[in-house]
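Residue numbering for the sequence shown follows our numbering, starting at 197 and increasing by one per position.
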Amino acid sequence: MASALAATPAAAQDAPAPRSDTTVAPADPAPAQAADTGSEVVVTGTLIRNPNLTSSSPVNVVGQQELSLRQSNVAEEVLRSLPGVVPSIGSSVNNGNGGSSFVDLRGLGPQRNLVLLNGSRLVPADFNGQVNLNIIPLALVERIDVLTGGATTTYGADAVSGVVNFITRKDFKGLEVNASEQLTERGDGNVFRVDLTAGANLADGRGNVTLSLGYQKANPVYQGDRAISVAQIDSVSGEEAGSGTTVPIRLNLGDGNGTKQFNPASGTLDPTFALFNFNPYNVFQTPFERYSLYSTGRYEVKDGIEAYAEGLFSKTKVSTIIAPSGTFGLTYQIPYNNPYLPAAVRNAACAANGLNAAACAAAASSTAAPVIGQNTFGATLSRRFVEGGSRISEYTTQLFQLRAGLRGDITSTINFDLSGSYGESENTSRSTGQGLFSRVQSALLANNTQSCANGASDCVPINLFGAAGSITPQMFAYLNIPTSSATKTSLTTVRGVVSGDLGVAVPGANDAIGFAIGGEYRRYVAESSSDLSSQTPDEVLGAGAANPDSRGTYNVKEAFAELIAPLVQDKPLFHNLTLELGARYSDYSIAGTNWTWKAGGNWEPTSWLKIRGNYQKAARAPNISELFSPQVTGLDNFATDPCQGVAPVNNAQLRAICIAQGAPASSIGSIEAEPSAQPNNRTGGNLRLGVEKATTWTAGVVLNPTFVPGLTITADYYNIRVRDAISQPSFGDALNACFLTANNPGLNPSNPACTAIRRNPATGSLFGTASAFVPLPYSNSGRIWTDGVDLTVNYRRDLNFAKLDLNFSGNWTHSSKFQATPVSVIRECVGYYSNSCGSPGAGINFRGSIQPEFSFNQRTTLSFSRIDLSLLWRYIGKMDYEPLAVQELLNDNNDDTDPPAQQFRHIKAAHYFDLATRFAATDNFDFTFTVTNLFDRKPPLVGNTIGSTSFNSGNTYPSTYDALGRRYAVGVKLKF
197 MASALAATPA AAQDAPAPRS DTTVAPADPA PAQAADTGSE VVVTGTLIRN PNLTSSSPVN
257 VVGQQELSLR QSNVAEEVLR SLPGVVPSIG SSVNNGNGGS SFVDLRGLGP QRNLVLLNGS
317 RLVPADFNGQ VNLNIIPLAL VERIDVLTGG ATTTYGADAV SGVVNFITRK DFKGLEVNAS
377 EQLTERGDGN VFRVDLTAGA NLADGRGNVT LSLGYQKANP VYQGDRAISV AQIDSVSGEE
437 AGSGTTVPIR LNLGDGNGTK QFNPASGTLD PTFALFNFNP YNVFQTPFER YSLYSTGRYE
497 VKDGIEAYAE GLFSKTKVST IIAPSGTFGL TYQIPYNNPY LPAAVRNAAC AANGLNAAAC
557 AAAASSTAAP VIGQNTFGAT LSRRFVEGGS RISEYTTQLF QLRAGLRGDI TSTINFDLSG
617 SYGESENTSR STGQGLFSRV QSALLANNTQ SCANGASDCV PINLFGAAGS ITPQMFAYLN
677 IPTSSATKTS LTTVRGVVSG DLGVAVPGAN DAIGFAIGGE YRRYVAESSS DLSSQTPDEV
737 LGAGAANPDS RGTYNVKEAF AELIAPLVQD KPLFHNLTLE LGARYSDYSI AGTNWTWKAG
797 GNWEPTSWLK IRGNYQKAAR APNISELFSP QVTGLDNFAT DPCQGVAPVN NAQLRAICIA
857 QGAPASSIGS IEAEPSAQPN NRTGGNLRLG VEKATTWTAG VVLNPTFVPG LTITADYYNI
917 RVRDAISQPS FGDALNACFL TANNPGLNPS NPACTAIRRN PATGSLFGTA SAFVPLPYSN
977 SGRIWTDGVD LTVNYRRDLN FAKLDLNFSG NWTHSSKFQA TPVSVIRECV GYYSNSCGSP
1037 GAGINFRGSI QPEFSFNQRT TLSFSRIDLS LLWRYIGKMD YEPLAVQELL NDNNDDTDPP
1097 AQQFRHIKAA HYFDLATRFA ATDNFDFTFT VTNLFDRKPP LVGNTIGSTS FNSGNTYPST
1157 YDALGRRYAV GVKLKF
């Protein structure tokens, strides 16, 4: 993975990386590696603890100095800017953020990479098995190792695309205080962070204890405060648009006239004239608060035997802020004698239900109590509760993880490490401002303005038919019942490793053969619980999906072995030739047994040239979400509907399909696509899932030419292919299986791909009720493959008056393909964006981000006596709207389903520059000033309906392109 710093052939896992291996940022000289037990060396990518042997897998490093210059506050912000990393859920994701942040290596999805802390697994954040990056204490991070390619042989399942290993500082002595403040040029988005780290050696160096405490708070940046996102732009028409749940109310009476909007000024039902602009309520930067505590200690209990432990506690709170709630097209029963019912709506309802004028007048004047089915009519209502303010969800995550172990020497060349760890994470959410369906229904069942038919003393009849302001605080208070849910996860791990060298070398080699052998046991548990409202489909308005209680657990038992054997050393053309082998046997309680293995090597013809390669058979077992999640209807993203508009009126086959899917015949010709491009899907776990298998290989070269002192060049090709991928079709794939003639010759309405899709029985649409959805089941039918090249160039030179560091780190992604099923199209998504692209095989929760073909980071640093001046240049290659998506929309037998407007089908290459200055006032006091997005580059405008809600927000892609604008950060470090 190309990093912002440098590539290293192999970086030490627990000891400081050598100066020549790192840095974009100026680095302090690395202390000599001690030989005692407390300074053991573990290479990221292998379990063999021998500093003389290096892994054949490319490992790239982001050092502490780079973190300091960037003044990033959470790990996700650092990682998503690295070339080759595809932005995932993080601080720039609002609608779709569940309180956690993730990393996505190579665009294969966060579920296919592994996040470690000091080489050990962390408790997952949720059912999907990913680690929440918000919990990582950056103040104590020495460096971040990012390993390219599969690593399941070394670390077990999930490491298909690679590993991110956070290495903390060891044997810290003294006291250090770090504080920083960040603010955008517009005066918002303030981020404050302070960390305290203290450490001391014990018993004349036989042990050490280190403690780090941290606090951080980030304020929101509202989309309404940025010019690009003041108004919601429709990506198809290019015009200002918005949500169909709006004010004044829109309603559909099921009379074949479609959805109309009531005009309070004229008292008439008119075609839609005012959609709701939800952008200003949303945020580009989510509010975030974190308390963290990390402690590590070691003590040499006797010569050659050391006990060690580490503990992590974190409490984070992430708030998402989205537009006011509403009735969202659900079907309600309304009494003909409702006191707020306009005459125009009542008359239309009477006509739709066969009541003549006299009967209608009698129903209106009746004083009878409303009774559903007797004196009421049904209608789908789309009214926004603007009077109630924003919907706010607060996600509070409390996590702790403890790890303890014993390590030491068996012989002078063989050692052992036995450890156990246990961690728990609990994410609780509390949401307000949404409203409940049942309470809206109760408030509608009234024949006067003072009381409801249910007789509840707190029920206030509601006026949904007036202009903004017609819903009083008392009316909304009855609807606004807070909802809550909790997700708990735990991970138990026991691992034992014996490693070292065999004491013998292959003839022709100097270094002995290194080995590691061991076993590991892991047990995962995840469970969720919610209040009754959250568990009931369609009850919590605007919640997206019901959240029924669920639980899942599984365990895995593993045995593994690795070998690194120098074959030839210090011979002509063979300065070093090394073979690397490894194998792991895994026994999953829910997916059976599986073997993974690797073979690789390094060839150094000379001391300045290394050629390396690695081939692996990797695997990933299904996670708890993919296995055990209940079937629920939720929101997806797609701007069009093949049944929309008049096309089905003139196309008998298309009409037959729409009706077969549940659309009433009266709706044909008036079906509409979801105005916010958020139709329903249906997803859930599949207990029949098996292990997905991957083939990964890398090949590269490392140059340290002696004739150009200070120059290091690395280039590595990677190739990852996943078969039997645990995946879901995209929403577009599922529609196309039915509505494209190429997939469904003759447009057969009985095709299972068609009948699986269900439509709203009142309107014929794909939204408005949990019974309307496009199914997106999990299966082992997918295929994913990607390949590309990482390139790093690092040059350091002493200019006499200053030291110059030039560092380049780039990625070229040649392909990123996904095939949902053997009969589905093969989507090429590198350099393309759409609802189906951006980590296309990652599933609905993580699909839709940006993956450019070319990206790079280049840092230039001048270091004077006490001052560092550093400029970081970040490049993101051009992007285009997915050509296949255009063709699919043009060929879906509906002329009304247009692709995005031409001006939104291309994003120019982006160049960002960040300037940092660090001043060492004294040996114990540093001052750093950073300007991010120095030239205040604006994000690209693509509209709000061209991609997924999580990543296409505020008319742009804020996780990839800077939507905050120029911002300033000041940081200080004080050491004692």
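Note that CB positions come from ideal geometry on N, CA and C, so glycine has one too. Computed from a predicted model, the values in this text were never measured in an experiment.
For residue i, does the three-state DSSP call read helix, strand or coil?
i	result
Arg215	Because Arg215 sits at a pLDDT of 30, beneath the cut-off of 50, its placement in the model cannot be relied upon, and the point is left open.
Phe1060	coil
Leu1086	helix
Ile517	strand
Phe1121	strand
Ala730	At residue 730 the sequence reads Ser, which differs from the Ala that was named. Residue state, collapsed to three classes: helix.
Ile141	Look at the range of the chain in this structure, 197 to 1172, and you will see that residue 141 is not part of it.
Pro247	Its pLDDT being 48, under 50, Pro247 is placed unreliably by the model, and nothing is read from it.
Tyr1029	strand
Arg1133	coil
Asp232	Residue placement at Asp232 is flagged as unreliable, the pLDDT there being 36, under the threshold of 50; the coordinate-derived value follows with that caveat. DSSP places Asp232 in coil when its eight states are reduced to three.
Thr638	The residue asked about is misnamed: residue 638 is Ser in this sequence, not Thr. The answer is helix: DSSP assigns Ser638 an H, G or I state.
Ile363	strand
Asn932	helix
Asp912	strand
Thr1145	coil
Ala952	coil
Trp282	This sequence places Val at residue 282; Trp is not what is there. Looking at Val282 - three-state DSSP - the assignment turns out to be strand.
Ala1097	coil
On the DSSP bridge list, what partners appear for residue i?
i	result
Leu336	In the DSSP output, where bridge partners are listed per residue, Leu336 has none listed.
Pro531	Thr572
Thr792	Arg780
Ser862	According to DSSP, which records beta bridges pairwise, Ser862 is partnered with nothing at all.
Asn459	Thr464
Tyr1108	Arg1070
Ala682	Thr624 and Ser725
Val989	Ile909 and Phe1004
The alpha helix (DSSP H) spanning residue i covers which residue range?
i	result
Gln765	Element bounds for Gln765: not the alpha helix (DSSP H) but the beta strand (DSSP E), Ser746 to Lys767.
Tyr674	Pro669 to Leu675
Asp1001	Here Asp1001 belongs to no alpha helix (DSSP H); instead the beta strand (DSSP E) covers Lys999 to Gln1015.
Arg1023	That residue, Arg1023, is in no alpha helix (DSSP H); its beta strand (DSSP E) goes Ile1022 to Glu1024.
Ala565	Element bounds for Ala565: n/a, residue is neither H nor E.
Asn256	Unbroken run through Asn256 is the beta strand (DSSP E), Val255 to Gly259; no alpha helix (DSSP H).
Thr824	Note on identity: in this sequence residue 824 is Phe, with Thr being the wrong assignment. Taken as a continuous stretch (DSSP letters only), the alpha helix (DSSP H) holding Phe824 covers Ile820 to Phe824.
Ile853	Ala848 to Ala856
Leu318	Per DSSP, Leu318 belongs to no alpha helix (DSSP H) and is neither H nor E.
Val274	Ala271 to Arg276
So the beta strand (DSSP E) residue i belongs to, where does it begin and stop?
i	result
Gly830	Val828 to Leu831
Asn397	Val387 to Leu398
Ala545	Note, Ala545: premise wrong, no beta strand (DSSP E); alpha helix (DSSP H) at Ala539 to Ala548.
Phe484	Phe484 to Lys498
Thinking C-beta only, is residue j closer than 8 Å to residue i?
i	j	result
Gly797	Gly809	yes
Ala335	Thr393	yes
Gln874	Leu831	yes
Gly978	Ala921	yes
Tyr532	Ala559	yes
Ala353	Ser782	yes
Tyr1045	Gly1073	Reading the sequence as shown, one finds Ser at residue 1045 and not Tyr. It is not a contact, given that the beta carbons lie outside the stated cut-off.
Should residue i be counted as a contact of the ligand GDP given a C-beta to heavy atom distance under 7 Å?
i	result
Arg276	Ligands are entirely absent from the displayed structure, and the ligand GDP is therefore not among its contents.
Inspect the CB distances between the stretch 527 to 542 and the stretch 579 to 587 and report whether three or more fall short of 8 Å. The answer is no - the stretch 579 to 587 does not touch the stretch 527 to 542, with fewer than three Cβ pairs under 8 Å.
Do the stretch 328 to 346 and the stretch 267 to 275 meet, that is, are 3 or more Cβ pairs less than 8 Å apart? yes
Stretch pair the stretch 932 to 943 + the stretch 1083 to 1090: three plus CB contacts closer than 8 Å: yes
Between the stretch 898 to 910 and the stretch 801 to 815, do at least 3 Cβ pairs fall closer than 8 Å? The stretch 898 to 910 is in contact with the stretch 801 to 815.
Do the stretch 452 to 467 and the stretch 659 to 679 touch if we need at least three Cβ pairs shorter than 8 Å? yes
Between the stretch 947 to 960 and the stretch 1005 to 1025, can you find at least three pairs of beta-carbon atoms closer than 8 Å? no
Is it the case that the stretch 397 to 409 contacts the stretch 431 to 443, given that we only count it when at least three CB pairs across the two stretches are under 8 Å? no
Under 8 Å: do the stretch 1043 to 1061 and the stretch 319 to 328 share three or more Cβ pairs, one atom per stretch? They do not touch, by the three-pair rule.
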